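Trainee: Before anything else, here's the structure in question.
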Amino acid sequence: MSRNTLMAIGAGLGSSVLFLLVLSGNPLALLLSYFGHLPLFLIGLWQGPKRLLVAAIAACSALVLLGGLLPFTVFLVVFAGPAMLLTRMALVIRKDKNGQPDFVPTGIVVSAMAVMIAMVMIVIMGSVTAEGLDIQEFISQFLGQMYSEMGVPMTPDVQNVIGMFQTYFPAIVAASWLLMLFANATLAQAILVRSGRNMRPSPDLALMALPGWSLFAFALAGFLVGFADGSLAYVARNVAVVLAVPFLLQGLALVHGQAARWPQKRMILTVFYIVAVLSTWSFIAITGLGIVEHLIRLRGKQPMTRSNEEDR
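Position 211 (the sequence shown) corresponds to 211 in UniProt numbering; numbering is contiguous.
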(Lines of atoms letter the chains of each structure in order from A; the text may use other names.)
(Lines give C-alpha, C1' and ligand atoms only; values in the text may rest on other atoms or scores of the structure.)
Protein backbone atom coordinates (compact mmCIF):
# COMPACT_ATOMS: atom_id res chain seq x y z
CA MET A 1 0.00 0.00 0.00
CA SER A 2 1.47 3.36 -1.07
CA ARG A 3 2.23 6.26 1.25
CA ASN A 4 -0.38 8.44 -0.44
CA THR A 5 -3.08 5.80 0.05
CA LEU A 6 -2.21 5.53 3.74
CA MET A 7 -2.43 9.30 4.07
CA ALA A 8 -5.84 9.28 2.38
CA ILE A 9 -7.06 6.58 4.79
CA GLY A 10 -5.70 8.59 7.72
CA ALA A 11 -7.50 11.71 6.50
CA GLY A 12 -10.75 9.78 6.20
CA LEU A 13 -10.41 8.38 9.72
CA GLY A 14 -9.59 11.84 11.04
CA SER A 15 -12.70 13.25 9.40
CA SER A 16 -14.85 10.49 10.92
CA VAL A 17 -13.44 11.24 14.40
CA LEU A 18 -14.27 14.95 14.01
CA PHE A 19 -17.77 13.95 12.90
CA LEU A 20 -18.27 11.74 15.97
CA LEU A 21 -17.29 14.61 18.29
CA VAL A 22 -20.85 15.92 17.85
CA LEU A 23 -22.08 13.04 20.01
CA SER A 24 -19.90 14.05 22.97
CA GLY A 25 -22.04 17.06 23.87
CA ASN A 26 -18.92 19.05 24.79
CA PRO A 27 -19.03 22.65 23.37
CA LEU A 28 -15.34 22.55 22.38
CA ALA A 29 -15.79 19.18 20.70
CA LEU A 30 -18.84 20.51 18.87
CA LEU A 31 -16.75 23.43 17.60
CA LEU A 32 -14.06 21.06 16.34
CA SER A 33 -16.68 18.99 14.50
CA TYR A 34 -17.26 21.96 12.18
CA PHE A 35 -13.86 21.16 10.68
CA GLY A 36 -14.85 17.62 9.73
CA HIS A 37 -14.56 18.50 6.03
CA LEU A 38 -11.02 19.82 6.39
CA PRO A 39 -9.09 16.49 6.21
CA LEU A 40 -11.16 15.46 3.18
CA PHE A 41 -10.45 18.73 1.36
CA LEU A 42 -6.76 18.55 2.22
CA ILE A 43 -6.49 15.18 0.51
CA GLY A 44 -8.84 16.02 -2.36
CA LEU A 45 -7.29 19.38 -3.31
CA TRP A 46 -3.79 17.93 -2.93
CA GLN A 47 -4.02 14.45 -4.46
CA GLY A 48 -7.26 14.61 -6.44
CA PRO A 49 -10.74 13.05 -6.34
CA LYS A 50 -9.51 9.43 -6.46
CA ARG A 51 -7.58 9.77 -3.20
CA LEU A 52 -10.52 11.62 -1.70
CA LEU A 53 -12.72 8.64 -2.61
CA VAL A 54 -10.31 6.38 -0.70
CA ALA A 55 -10.56 8.72 2.32
CA ALA A 56 -14.37 8.73 2.12
CA ILE A 57 -14.53 4.92 1.92
CA ALA A 58 -12.23 4.62 4.95
CA ALA A 59 -14.34 7.07 6.96
CA CYS A 60 -17.65 5.46 6.01
CA SER A 61 -16.34 1.95 6.76
CA ALA A 62 -15.18 3.05 10.22
CA LEU A 63 -18.54 4.67 10.96
CA VAL A 64 -20.47 1.55 9.91
CA LEU A 65 -18.34 -0.55 12.28
CA LEU A 66 -18.59 1.93 15.16
CA GLY A 67 -22.15 3.18 14.90
CA GLY A 68 -24.10 1.39 12.21
CA LEU A 69 -26.01 2.73 9.23
CA LEU A 70 -27.27 6.02 10.72
CA PRO A 71 -23.85 7.68 11.32
CA PHE A 72 -22.68 6.30 7.97
CA THR A 73 -25.67 7.82 6.13
CA VAL A 74 -25.37 11.20 7.84
CA PHE A 75 -21.62 11.37 7.17
CA LEU A 76 -22.10 10.40 3.53
CA VAL A 77 -24.76 13.07 2.95
CA VAL A 78 -23.31 15.87 5.08
CA PHE A 79 -19.52 15.36 4.80
CA ALA A 80 -18.21 12.92 2.21
CA GLY A 81 -20.68 13.53 -0.63
CA PRO A 82 -20.47 17.36 -0.68
CA ALA A 83 -16.67 17.31 -0.25
CA MET A 84 -16.31 14.97 -3.23
CA LEU A 85 -18.65 17.05 -5.39
CA LEU A 86 -17.00 20.36 -4.56
CA THR A 87 -13.49 18.95 -5.04
CA ARG A 88 -14.43 17.39 -8.37
CA MET A 89 -15.89 20.66 -9.67
CA ALA A 90 -12.99 22.73 -8.34
CA LEU A 91 -10.42 20.58 -10.18
CA VAL A 92 -12.19 20.33 -13.53
CA ILE A 93 -10.14 21.94 -16.31
CA ARG A 94 -11.87 23.42 -19.33
CA LYS A 95 -11.06 26.01 -22.02
CA ASP A 96 -11.61 29.67 -21.29
CA LYS A 97 -12.91 32.26 -23.79
CA ASN A 98 -9.43 32.48 -25.32
CA GLY A 99 -9.20 28.72 -25.81
CA GLN A 100 -6.66 28.26 -23.02
CA PRO A 101 -7.06 25.56 -20.34
CA ASP A 102 -8.44 26.93 -17.08
CA PHE A 103 -10.25 25.74 -13.95
CA VAL A 104 -14.00 26.14 -13.50
CA PRO A 105 -14.73 29.66 -12.14
CA THR A 106 -15.46 29.89 -8.43
CA GLY A 107 -18.87 31.47 -9.03
CA ILE A 108 -20.09 28.41 -10.92
CA VAL A 109 -18.82 26.05 -8.20
CA VAL A 110 -20.49 28.09 -5.44
CA SER A 111 -23.82 28.34 -7.29
CA ALA A 112 -23.86 24.66 -8.24
CA MET A 113 -23.24 23.60 -4.63
CA ALA A 114 -26.05 25.87 -3.40
CA VAL A 115 -28.47 24.34 -5.92
CA MET A 116 -27.44 20.81 -4.89
CA ILE A 117 -27.98 21.61 -1.21
CA ALA A 118 -31.37 23.12 -2.06
CA MET A 119 -32.33 19.91 -3.86
CA VAL A 120 -31.35 17.85 -0.81
CA MET A 121 -33.53 20.12 1.34
CA ILE A 122 -36.47 19.64 -1.01
CA VAL A 123 -36.08 15.86 -0.87
CA ILE A 124 -35.84 15.79 2.94
CA MET A 125 -38.75 18.16 3.56
CA GLY A 126 -40.77 16.47 0.84
CA SER A 127 -40.21 13.12 2.57
CA VAL A 128 -41.46 14.56 5.86
CA THR A 129 -44.59 15.89 4.14
CA ALA A 130 -45.15 12.56 2.39
CA GLU A 131 -45.28 10.90 5.80
CA GLY A 132 -48.31 13.06 6.61
CA LEU A 133 -46.43 15.33 9.02
CA ASP A 134 -46.65 19.11 9.15
CA ILE A 135 -43.09 20.36 8.60
CA GLN A 136 -43.32 23.39 10.87
CA GLU A 137 -44.99 21.41 13.66
CA PHE A 138 -42.37 18.68 13.29
CA ILE A 139 -39.55 21.25 13.61
CA SER A 140 -41.28 22.95 16.54
CA GLN A 141 -41.45 19.63 18.40
CA PHE A 142 -37.82 18.91 17.57
CA LEU A 143 -36.66 22.31 18.88
CA GLY A 144 -38.84 21.96 21.99
CA GLN A 145 -37.33 18.56 22.74
CA MET A 146 -33.81 19.92 22.14
CA TYR A 147 -34.36 22.79 24.59
CA SER A 148 -35.88 20.40 27.15
CA GLU A 149 -32.86 18.09 26.96
CA MET A 150 -30.64 21.12 27.54
CA GLY A 151 -32.62 21.87 30.71
CA VAL A 152 -34.11 25.13 29.40
CA PRO A 153 -37.57 25.79 30.90
CA MET A 154 -40.39 26.33 28.39
CA THR A 155 -41.13 29.96 29.24
CA PRO A 156 -43.14 32.21 26.88
CA ASP A 157 -39.88 33.82 25.74
CA VAL A 158 -38.37 30.44 24.85
CA GLN A 159 -41.54 29.49 22.98
CA ASN A 160 -41.31 32.74 21.02
CA VAL A 161 -37.71 31.92 20.10
CA ILE A 162 -38.80 28.47 18.92
CA GLY A 163 -41.56 30.08 16.87
CA MET A 164 -39.06 32.37 15.14
CA PHE A 165 -36.55 29.58 14.54
CA GLN A 166 -39.04 27.11 13.11
CA THR A 167 -39.86 29.47 10.24
CA TYR A 168 -36.34 29.35 8.85
CA PHE A 169 -34.76 26.46 10.75
CA PRO A 170 -34.00 24.26 7.67
CA ALA A 171 -32.49 27.25 5.86
CA ILE A 172 -30.40 28.28 8.88
CA VAL A 173 -28.97 24.77 9.21
CA ALA A 174 -28.34 24.34 5.47
CA ALA A 175 -26.92 27.83 4.86
CA SER A 176 -24.56 27.72 7.86
CA TRP A 177 -23.41 24.25 6.85
CA LEU A 178 -22.85 25.43 3.25
CA LEU A 179 -20.77 28.37 4.45
CA MET A 180 -18.71 26.04 6.67
CA LEU A 181 -18.20 23.77 3.65
CA PHE A 182 -16.75 26.69 1.68
CA ALA A 183 -14.73 27.84 4.71
CA ASN A 184 -13.14 24.39 5.11
CA ALA A 185 -12.32 24.22 1.40
CA THR A 186 -10.77 27.70 1.55
CA LEU A 187 -8.73 26.81 4.64
CA ALA A 188 -7.51 23.56 3.07
CA GLN A 189 -6.48 25.42 -0.08
CA ALA A 190 -4.61 28.04 1.95
CA ILE A 191 -2.70 25.30 3.83
CA LEU A 192 -1.80 23.55 0.58
CA VAL A 193 -0.70 26.78 -1.10
CA ARG A 194 1.55 27.62 1.84
CA SER A 195 3.15 24.16 1.65
CA GLY A 196 3.34 24.20 -2.16
CA ARG A 197 1.05 21.18 -2.63
CA ASN A 198 -2.01 22.78 -4.24
CA MET A 199 -3.30 21.43 -7.57
CA ARG A 200 -5.03 24.67 -8.62
CA PRO A 201 -4.31 28.33 -7.85
CA SER A 202 -6.36 29.96 -5.12
CA PRO A 203 -9.35 31.87 -6.53
CA ASP A 204 -9.59 35.56 -5.69
CA LEU A 205 -12.87 36.41 -3.94
CA ALA A 206 -12.71 39.95 -5.32
CA LEU A 207 -12.96 38.56 -8.86
CA MET A 208 -15.78 36.06 -8.25
CA ALA A 209 -18.78 36.33 -10.60
CA LEU A 210 -21.91 34.18 -10.46
CA PRO A 211 -23.45 32.54 -13.56
CA GLY A 212 -26.69 33.99 -14.93
CA TRP A 213 -28.77 30.96 -13.99
CA SER A 214 -28.06 31.48 -10.27
CA LEU A 215 -30.39 34.50 -10.23
CA PHE A 216 -33.04 32.55 -12.15
CA ALA A 217 -33.01 29.76 -9.53
CA PHE A 218 -33.28 32.27 -6.69
CA ALA A 219 -36.09 34.20 -8.45
CA LEU A 220 -38.02 30.96 -9.06
CA ALA A 221 -37.92 30.12 -5.35
CA GLY A 222 -38.99 33.67 -4.52
CA PHE A 223 -41.88 33.43 -6.99
CA LEU A 224 -43.14 30.27 -5.27
CA VAL A 225 -42.93 31.99 -1.88
CA GLY A 226 -45.23 34.71 -3.14
CA PHE A 227 -47.80 32.53 -4.88
CA ALA A 228 -47.77 29.21 -3.00
CA ASP A 229 -49.17 28.44 0.42
CA GLY A 230 -48.86 25.84 3.15
CA SER A 231 -45.98 23.40 3.03
CA LEU A 232 -44.97 24.39 -0.51
CA ALA A 233 -44.51 28.03 0.55
CA TYR A 234 -42.52 26.92 3.61
CA VAL A 235 -40.19 24.77 1.49
CA ALA A 236 -39.78 27.53 -1.11
CA ARG A 237 -39.00 30.14 1.58
CA ASN A 238 -36.21 28.03 3.06
CA VAL A 239 -34.85 27.03 -0.35
CA ALA A 240 -34.75 30.71 -1.35
CA VAL A 241 -32.55 31.50 1.66
CA VAL A 242 -30.06 28.78 0.67
CA LEU A 243 -30.02 29.99 -2.95
CA ALA A 244 -29.25 33.49 -1.62
CA VAL A 245 -25.92 32.31 -0.15
CA PRO A 246 -24.03 32.74 -3.48
CA PHE A 247 -25.26 36.34 -3.61
CA LEU A 248 -23.98 36.88 -0.06
CA LEU A 249 -20.56 35.79 -1.31
CA GLN A 250 -21.01 37.98 -4.40
CA GLY A 251 -21.66 40.95 -2.10
CA LEU A 252 -18.50 40.10 -0.16
CA ALA A 253 -16.65 39.91 -3.49
CA LEU A 254 -17.79 43.45 -4.25
CA VAL A 255 -16.55 44.65 -0.85
CA HIS A 256 -13.18 42.93 -1.36
CA GLY A 257 -12.89 44.37 -4.86
CA GLN A 258 -13.55 47.91 -3.67
CA ALA A 259 -11.30 47.54 -0.62
CA ALA A 260 -8.48 46.48 -2.94
CA ARG A 261 -8.46 50.01 -4.38
CA TRP A 262 -7.18 51.39 -1.07
CA PRO A 263 -3.73 50.93 0.54
CA GLN A 264 -5.38 50.10 3.92
CA LYS A 265 -7.23 47.11 2.49
CA ARG A 266 -6.68 44.77 5.44
CA MET A 267 -7.80 47.32 8.02
CA ILE A 268 -10.91 48.16 5.98
CA LEU A 269 -11.87 44.48 5.66
CA THR A 270 -11.21 43.83 9.36
CA VAL A 271 -13.55 46.65 10.40
CA PHE A 272 -16.12 45.53 7.84
CA TYR A 273 -16.24 41.93 9.10
CA ILE A 274 -16.43 43.02 12.74
CA VAL A 275 -19.44 45.20 11.95
CA ALA A 276 -20.99 42.43 9.82
CA VAL A 277 -20.69 39.83 12.59
CA LEU A 278 -22.21 42.17 15.17
CA SER A 279 -25.28 42.89 13.00
CA THR A 280 -27.49 40.12 11.63
CA TRP A 281 -29.18 42.56 9.26
CA SER A 282 -25.85 43.30 7.61
CA PHE A 283 -25.89 39.89 5.94
CA ILE A 284 -29.23 40.70 4.33
CA ALA A 285 -27.82 44.03 3.10
CA ILE A 286 -24.69 42.31 1.73
CA THR A 287 -26.85 39.73 -0.06
CA GLY A 288 -28.92 42.52 -1.60
CA LEU A 289 -25.70 44.22 -2.66
CA GLY A 290 -24.63 40.96 -4.29
CA ILE A 291 -27.86 40.78 -6.30
CA VAL A 292 -27.41 44.39 -7.47
CA GLU A 293 -23.78 43.62 -8.39
CA HIS A 294 -24.93 40.58 -10.35
CA LEU A 295 -27.39 42.69 -12.33
CA ILE A 296 -25.42 45.84 -13.13
CA ARG A 297 -21.76 44.98 -12.40
CA LEU A 298 -20.88 47.67 -9.88
CA ARG A 299 -17.26 46.48 -9.86
CA GLY A 300 -16.82 46.83 -13.59
CA LYS A 301 -14.43 44.47 -15.31
CA GLN A 302 -11.31 45.57 -13.41
CA PRO A 303 -12.05 45.70 -9.67
CA MET A 304 -8.39 46.11 -8.72
CA THR A 305 -5.58 48.57 -9.40
CA ARG A 306 -1.96 47.66 -10.09
CA SER A 307 -0.77 49.68 -7.13
CA ASN A 308 -2.32 47.34 -4.57
CA GLU A 309 -2.47 44.10 -6.53
CA GLU A 310 0.26 42.56 -4.36
CA ASP A 311 -1.90 43.15 -1.25
CA ARG A 312 -4.57 40.64 -2.26
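Glycine included, each C-beta is placed from N, C-alpha and C at the ideal position.
Quick caveat, the model's predicted, so the values are computed rather than measured.
1. State whether the segment 193 to 210 contacts the segment 97 to 111, with contact taken as three or more CB pairs (one from each stretch) at a distance under 8 Å.
2. Which residues in the same chain as Gly126 place their Cβ atom closer than 8 Å to its Cβ, once the five residues preceding and following it in sequence are excluded?
3. Where does Phe35 fall in DSSP's three states?
4. Output yes or no for whether 8 Å exceeds the beta carbon distance between Ile117 and Leu178.
5. May I have a chain-ordered list of the alpha helix (DSSP H) segments no shorter than 4 residues that lie completely inside the segment 257 to 284?
6. Can you list, in chain order, the residues of its chain whose CB lies under 6 Å from that of Ile9, leaving out five sequence neighbours each side?
7. Would Ala217 pass as a contact of Thr287 if the rule is Cβ separation under 8 Å?
8. Following the continuous beta strand (DSSP E) through Lys95, name the residue where it begins and the one where it ends.
9. In its own chain, which residues sit with a C-beta less than 6 Å from the C-beta of Ala80, not counting the 5 before and 5 after it?
10. Look at the alpha carbon of Gln302 and the alpha carbon of Leu205, and state the distance between them as a whole number of angstroms.
11. If we require 4 or more residues per run, which alpha helix (DSSP H) segments fall completely within the segment 33 to 72?
12. Compare the beta carbon distance of Leu181 and His37 with 8 Å and say whether it is the shorter of the two.
13. With H, G and I counted as helix, E and B as strand and the rest as coil, what does DSSP make of Asp204?
14. When the Cα of Leu220 is compared with those of Ala174, Ile93, Val241 and Leu192, which residue comes out closest?
Mentor: Quick look at the numbers:
1. With the cut-off at 8 Å, the segment 193 to 210 and the segment 97 to 111 touch.
2. Walking along the sequence shown from the start, residue 126 turns up at place 126. Only Val235 meet the Cβ criterion.
3. Position 35 of the sequence shown, counted from the start, is the residue given in the question as residue 35. In the three-state reduction of the DSSP assignment, Phe35 falls in the coil class.
4. As a working note, residue 117 is residue 117 in the sequence shown. As a working note, residue 178 is residue 178 in the sequence shown. For the pair Ile117 and Leu178, the CB atoms are nearer than the 8 Å cut-off.
5. Correct list: 265 to 278.
6. Stepping through the sequence shown from its first residue, residue 9 is reached at position 9. Leaving aside the five residues that flank Ile9 on each side, the residues in its chain whose CB is nearer than 6 Å to its CB run, in chain order, Ala58.
7. As a working mapping, residue 217 is identified with position 217 in the sequence shown. As a working mapping, residue 287 is identified with position 287 in the sequence shown. Cβ distance not < 8 Å, so Ala217 and Thr287 don't count as in contact.
8. In the sequence shown, the residue the question calls residue 95 occupies position 95. For Lys95, the enclosing beta strand (DSSP E) has its first and last residue at Ile93 to Lys95.
9. For this step, residue 80 is matched to residue 80 along the sequence shown. Counting only Cβ-Cβ distances below 6 Å, and skipping sequence neighbours, we find Ala56.
10. What you label residue 302 is simply residue 302 of the sequence shown in a count that begins at 1. What you label residue 205 is simply residue 205 of the sequence shown in a count that begins at 1. Note that Gln302 scores 49 on pLDDT, short of 50, meaning its location in the model is unreliable and no value can be drawn from it.
11. Correct list: 38 to 47 and 49 to 67.
12. Your numbering for residue 181 matches position 181 in the sequence shown. Your numbering for residue 37 matches position 37 in the sequence shown. Their beta carbons are under 8 Å apart, which means Leu181 touches His37 by this criterion.
13. Taking the first residue of the sequence shown as 1, we reach residue 204 at position 204. Three-state DSSP puts Asp204 in coil, outside helix and strand.
14. Here residue 220 refers to the residue found at position 220 when the sequence shown is read from its first residue. Residue Val241 is the option with its Cα nearest to Leu220.
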